[in-house]
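Here the structure is laid out as structure tokens; the discussion comes afterwards.
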Amino acid sequence: MRETETEAGADSGSGAHSGSTGKRPLGVGMVGYAFMGAAHSQGWRTVGRVFDLPVRPVLSAVCGRDGGAVRAAADRLGWAAAETDWRALIARDDVDLVDICTPGDSHAEIALAALEAGKHVLCEKPLANTVEEAEAMAEAAERARARGQVAMVGFNYRRVPALALARRMVAEGRLGALRHVRLTYLQDWLVDASFPLTWRLRKDRAGSGALGDLGAHIVDLAQYLVGEPVAGVSALTETFVRERPLLEGASSGLTAEGGGKLGTVTVDDAAVFTARFPSGALASFEATRFAAGRKNALRLELNGSDGSLAFDLERLNELSFHDHTEPAASSGFRRILVTEPDHPYVDAWWPPGHGLGYEHTFVHQARDLLHAIATGARPEPSFADGLSVQRVLAAVEESAAKNSVYTLIPA
Numbered sequence: 000m001r002e003t004e005t006e007a008g009a010d011s012g013s014g015a016h017s018g019s020t021g022k023r024p025l026g027v028g029m030v031g032y033a034f035m036g037a038a039h040s041q042g043w044r045t046v047g048r049v050f051d052l053p054v055r056p057v058l059s060a061v062c063g064r065d066g067g068a069v070r071a072a073a074d075r076l077g078w079a080a081a082e083t084d085w086r087a088l089i090a091r092d093d094v095d096l097v098d099i100c101t102p103g104d105s106h107a108e109i110a111l112a113a114l115e116a117g118k119h120v121l122c123e124k125p126l127a128n129t130v131e132e133a134e135a136m137a138e139a140a141e142r143a144r145a146r147g148q149v150a151m152v153g154f155n156y157r158r159v160p161a162l163a164l165a166r167r168m169v170a171e172g173r174l175g176a177l178r179h180v181r182l183t184y185l186q187d188w189l190v191d192a193s194f195p196l197t198w199r200l201r202k203d204r205a206g207s208g209a210l211g212d213l214g215a216h217i218v219d220l221a222q223y224l225v226g227e228p229v230a231g232v233s234a235l236t237e238t239f240v241r242e243r244p245l246l247e248g249a250s251s252g253l254t255a256e257g258g259g260k261l262g263t264v265t266v267d268d269a270a271v272f273t274a275r276f277p278s279g280a281l282a283s284f285e286a287t288r289f290a291a292g293r294k295n296a297l298r299l300e301l302n303g304s305d306g307s308l309a310f311d312l313e314r315l316n317e318l319s320f321h322d323h324t325e326p327a328a329s330s331g332f333r334r335i336l337v338t339e340p341d342h343p344y345v346d347a348w349w350p351p352g353h354g355l356g357y358e359h360t361f362v363h364q365a366r367d368l369l370h371a372i373a374t375g376a377r378p379e380p381s382f383a384d385g386l387s388v389q390r391v392l393a394a395v396e397e398s399a400a401k402n403s404v405y406t407l408i409p410a
């Protein structure tokens with residue numbers, strides 16, 4: 000296998016794993032161990048067994064508030080030690096990189112402390128709960144970069160090979176001038192009004208609802224694929240179920256149990272908005288957790304003067320492409336099976352035709368971050384990219400509060 004040329008730090012395979020003996024270890028400490036913590040752990044455990052890395056990641060310690068639960072998680076997920084205070088985790092000499100997988104209300108505090116302590120940082124999306132927090136984080140990351148530190152946001156869908164290929168095709172001009180950008184992210188786990196009031200339904204913990212949880216992903220993907228920031232938005236948001244049973248016990252992933260008393264939902268259940276890009280392309284976005292029957296349906300389509308691209312996350316290894324420059328008699332959408340060694344990331348995995356899955360995006364994320372740390376390159380998406388997404392989310396909320404008034408995004 001060979002090392003493929005990278006584009007913007009992500010469009011890459013890196014050759015088959017050739018062993019990590021003798022390579023400099025890089026200790027990873029992770030805060031949080033639930034859904035995202037398990038996904039990130041999978042990435043850290045696997046990346047050195049697949050890719051030829053410049054450094055050797057070591058799963059040094061995982062942190063959570065419940066001592067018994069975090070020790071069990073450490074054993075289950077492959078971490079060498081457990082901590083109950085994230086400050087103690089940051090202070091550990093065997094932790095060089097802090098991976099933040101907590102709810103959004105703690106992202107800024109943990110990330111700022113880790114950067115100040117000289118650590119590299121990976122922070123789950125969205126970067127923060129407010130623009131002000133995201134600005135402070137981006138400024139701290141830029142100062143830290145001058146000291147050789149790296150800070151990256153965990154928008155894992157950029158690491159789907161088909162979407163990395165889509166980015167490459169857009170950058171190569173295969174679609175010509177972009178006209179339309181269409182993205183939806185639909186889930187259904189809140190359709191049942193008896194689902195309890197977990198942290199994802201509280202603004203003080205999550206920042207926003209479907210907008211920040213799902214909308215952040217599609218805003219980042221739109222800006223990544225187009226290669227431009229969103230210029231302005233016009234938005235609607237709605238909370239369909241305004242009271243839910245209070246949580247009883249712990250929640251796990253997207254499952255939880257509630258009691259008899261009710262609490263107020265303080266986030267949106269759905270967000271719909273249109274947008275413009277500086278180039279003139281028009282965009283539409285829809286994010287909801289109320290689309291009955293849709294489990295994790297992220298879909299997008301790009302239409303340009305010379306062609307179109309379409310993608311469906313539930314068909315993760317496929318990309319649909321229409322070349323509008325071909326004769327009409329034989330043109331049309333064709334399926335690209337994104338499993339060839341020339342496709343992004345794929346040369347390190349299986350023979351052509353053998354597909355990848357959701358968990359592989361976290362392996363690719365770890366791979367790209369470790370290369371950025373080793374080379375000193377600016378990671379993508381950076382904290383500045385995370386701030387750009389946060390500004391769009393804030394503009395969506397502002398527009399919706401003003402009856403869909405078109406709202407510009409600050410540069």
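Following numbering that gives the first Met the number 0, the numbering of the sequence shown begins with 0 at its first residue and continues without gaps.
Each residue gets a CB set at the ideal place from its N, CA and C atoms; glycine is no exception.
Leu407 counts as exposed, since fewer than 16 other C-beta atoms from the protein chains shown sit within 10 angstroms of its C-beta. Secondary structure of Lys260 (DSSP, three-state): strand.
Taking the Cβ atoms as the reference, Thr265 lies roughly 4 Å from Lys202, within the contact range of under 8 Å. Put simply, the backbone Cα of Val152 is about 14 Å away from that of Gly36.
For the alpha helix (DSSP H) assignment, the stretch 266 to 295 encloses no uninterrupted run of at least 4 residues. Counting only runs of 3+ residues, the beta strand (DSSP E) found wholly inside the stretch 196 to 260 occupies 231 to 237, 242 to 246, in chain order. When the beta-carbon positions are compared, Thr183 and Arg298 come within less than 8 Å of each other. Within the DSSP secondary-structure output, Leu336 pairs in a beta bridge with Glu317. In the DSSP assignment, Asp98 falls within the beta strand (DSSP E) that extends over 96 to 99. With three or more CB-CB distances shorter than 8 Å, the stretch 305 to 322 counts as touching the stretch 170 to 187. Taking the Cα positions, Glu300 is about 16 Å away from Glu227.
In this structure, Val362 lies near Gly42, with their beta-carbon atoms less than 8 Å apart. Thr183: member of the beta strand (DSSP E) spanning 177 to 185, first to last residue. In its chain, beyond the 5 residues on either side, Ala112 have a beta carbon closer than 8 Å to the beta carbon of Arg86.
Counted as a single uninterrupted DSSP element, the beta strand (DSSP E) harbouring Val30 occupies residues 24 to 30. Annotated three-state conformation of Val159 is coil, per DSSP. In the three-state reduction of the DSSP assignment, Arg75 falls in the helix class.
Counting C-beta pairs closer than 8 Å gives fewer than three between the stretch 64 to 83 and the stretch 364 to 382, which falls short of the contact rule. Counting along the chain, the unbroken beta strand (DSSP E) around Ser59 starts and ends at 55 to 62. Counting C-beta atoms within 10 angstroms of its own C-beta, Ser398 has 16 or more neighbours from the protein chains shown and is therefore classed as buried. Between the alpha carbons of Cys62 and Ile109 lies a gap of roughly 12 Å. Lys124 counts as buried, since at least 16 other C-beta atoms from the protein chains shown sit within 10 angstroms of its C-beta. Looking at the DSSP output, Met151 bridges to Leu121, Ser381.
Spatial neighbours of Ala309 in its own chain (CB-CB distance under 6 Å, excluding positions within 5 residues in sequence) are listed in chain order as Glu300, Ser319. Taking Arg243 as reference, the option from Phe194, Tyr223, His370, Gly279 with the minimal CA-CA separation is Phe194.
If you draw a 10 Å sphere on the C-beta of Phe272, you find 16 or more other C-beta atoms in it, and that means buried. The three-state secondary structure of Asp104, taken from DSSP, is helix.
Annotation for Glu82: the continuous beta strand (DSSP E) segment containing it runs 80 to 82.
Beta bridge pairing from DSSP links Ala309 with Glu300, Ser319. Listed as beta-bridge partners of Thr406 by DSSP are Val232. In the three-state reduction of the DSSP assignment, Phe50 falls in the strand class.
Per DSSP, Ala139 is one residue of the alpha helix (DSSP H) stretching across 130 to 144. Three or more Cβ pairs closer than 8 Å define a contact, and the stretch 364 to 372 falls short of that threshold against the stretch 204 to 219. Taking C-beta atoms as the reference points, Gly262 and Tyr405 fail to come closer than 8 Å. Of the candidates Glu115, Tyr156, Arg241, the residue whose Cα lies closest to the Cα of Ala137 is Glu115.
With 16 or more neighbouring CB atoms inside 10 Å of its own CB, Trp348 falls in the buried class.
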